[in-house]
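Have a look at the structure below before the remarks.
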Amino acid sequence: MEILNYFSGIFIMVGSLSIIVGLLGVYRMPDFFTRLHAASVIDTLGAMLILSGLIMHHGLSMISLKLFLILIFILITTPTAAHALAKSALHGNLRPLKGNDSL
Amino acid sequence: MFEIPTFIILFAMTMALFSAIIGRTVYDKILAVNIFGTVTVLFIALFGFLSDRPDFLDIALVYALINFISTVAILKFFEYGDISKSSTKKEESDI
Chain A
7 MEILNYFSGI FIMVGSLSII VGLLGVYRMP DFFTRLHAAS VIDTLGAMLI
57 LSGLIMHHGL SMISLKLFLI LIFILITTPT AAHALAKSAL HGNLRPLKGN
107 DSL
Chain B
2 MFEIPTFIIL FAMTMALFSA IIGRTVYDKI LAVNIFGTVT VLFIALFGFL
52 SDRPDFLDIA LVYALINFIS TVAILKFFEY GDISKSSTKK EESDI
């Protein structure tokens, strides 16, 4: 059980780090679609690592079942929301930057 | 053990709200609000474990669902100008 606690600590710290990396991308990227790409790191990697770290820390119970349900919901809904956002931005005449455009 | 990730996530919530304020287009603002919702779900889960009372996970579950619904509804409103109108009906009215 001791090694599982170490692993859960590592998972939660790496998840927090990936949230910071995603926010840095949202602030620094030049284009809306690249910003959307950076934000998807928060929604998938950060949420997955933090919630699975909490599940490992707590062990099997009703609470870890609820955490698992939150994980499943987030993994289904946030890529759908990102896809809808990209489609809506394309319909709203927001074009992605090409390679030879000036930033 | 949970203190540092909770503070990092609080910082992330603040920065997501700030990004929603300074966003250039409406899509940037919607993206920032979506990030804020996801990070809030993680904050609720982590804060329950920090205070040794993880009873708030139901609220996190409901918040994850409401976040998705609100994002899709706002996007549909900005894309079609109406929440209840479907895309096929719009093409029919054009004909």
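Chains as they are written, first to last, in my numbering: chain A, 7 to 109; chain B, 2 to 96. Note that CB positions come from ideal geometry on N, CA and C, so glycine has one too.
Where the alpha helix (DSSP H) through residue i begins and ends
i	result
B/I75	58-81
B/V44	Checking the sequence, you will find Phe at residue 44 of chain B rather than Val. Note, B/F44: alpha helix (DSSP H), 27-51.
B/M2	Premise fails: B/M2 is in no alpha helix (DSSP H) and is neither H nor E.
A/I9	8-34
A/S70	68-97
A/I56	53-64
A/L42	38-47
Other residues of its chain near residue i: CB distance less than 8 Å, five sequence neighbours each side excluded
i	result
A/A45	G28, G31, V32, A88
B/G24	K30, L32, A33
B/I37	Here residue 37 of chain B is Phe; the residue named in the question, Ile, does not match the sequence. Closer than 8 Å at Cβ, skipping near neighbours: M14, A17, L18, A21.
A/S24	V47, I48, L51, G52, L55
A/V20	L55
A/A92	F39, L42
Environment of residue i [buried if 16+ CB atoms lie within 10 Å]
i	result
A/G105	exposed
B/L62	buried
B/D56	exposed
B/P6	buried
B/A74	exposed
A/L42	buried
A/I82	exposed
B/I67	exposed
B/N35	buried
A/I78	exposed
A/L10	exposed
B/I10	buried
A/S70	buried
B/F50	buried
A/L66	exposed
A/F17	buried
B/F8	exposed
B/I70	exposed
B/T26	exposed
B/T72	buried
Chain-ordered neighbours of residue i on chain E, where CB pairs are closer than 7 Å
i	result
B/L51	Here chain E cannot be found, since the structure's protein chains are A and B.
Close-in-space but distant-in-sequence residues of the same chain around residue i (CB under 7 Å, 5 per side omitted)
i	result
A/A95	F38
A/F13	M62
B/L76	I31
A/H64	S70
Inter-residue CB distance, residue i and residue j (contact presumed, cutoff 8 Å)
i	j	result
A/H97	B/E4	With a Cβ gap of about 44 Å, A/H97 and B/E4 do not count as contacting.
A/T84	B/T39	6 Å
A/K72	B/D53	About 16 Å separates the two Cβ atoms, so there is no contact after all.
A/L57	A/I76	6 Å
A/I80	B/A65	6 Å
Neighbourhood of residue i by C-beta, 6 Å cutoff - its chain only, sequence neighbours within 5 removed
i	result
B/D95	Reliability of the predicted coordinates at B/D95 is poor, the pLDDT of 49 falling under 50, and no value is obtained from them.
A/I26	none
A/G59	S14, F17, I18
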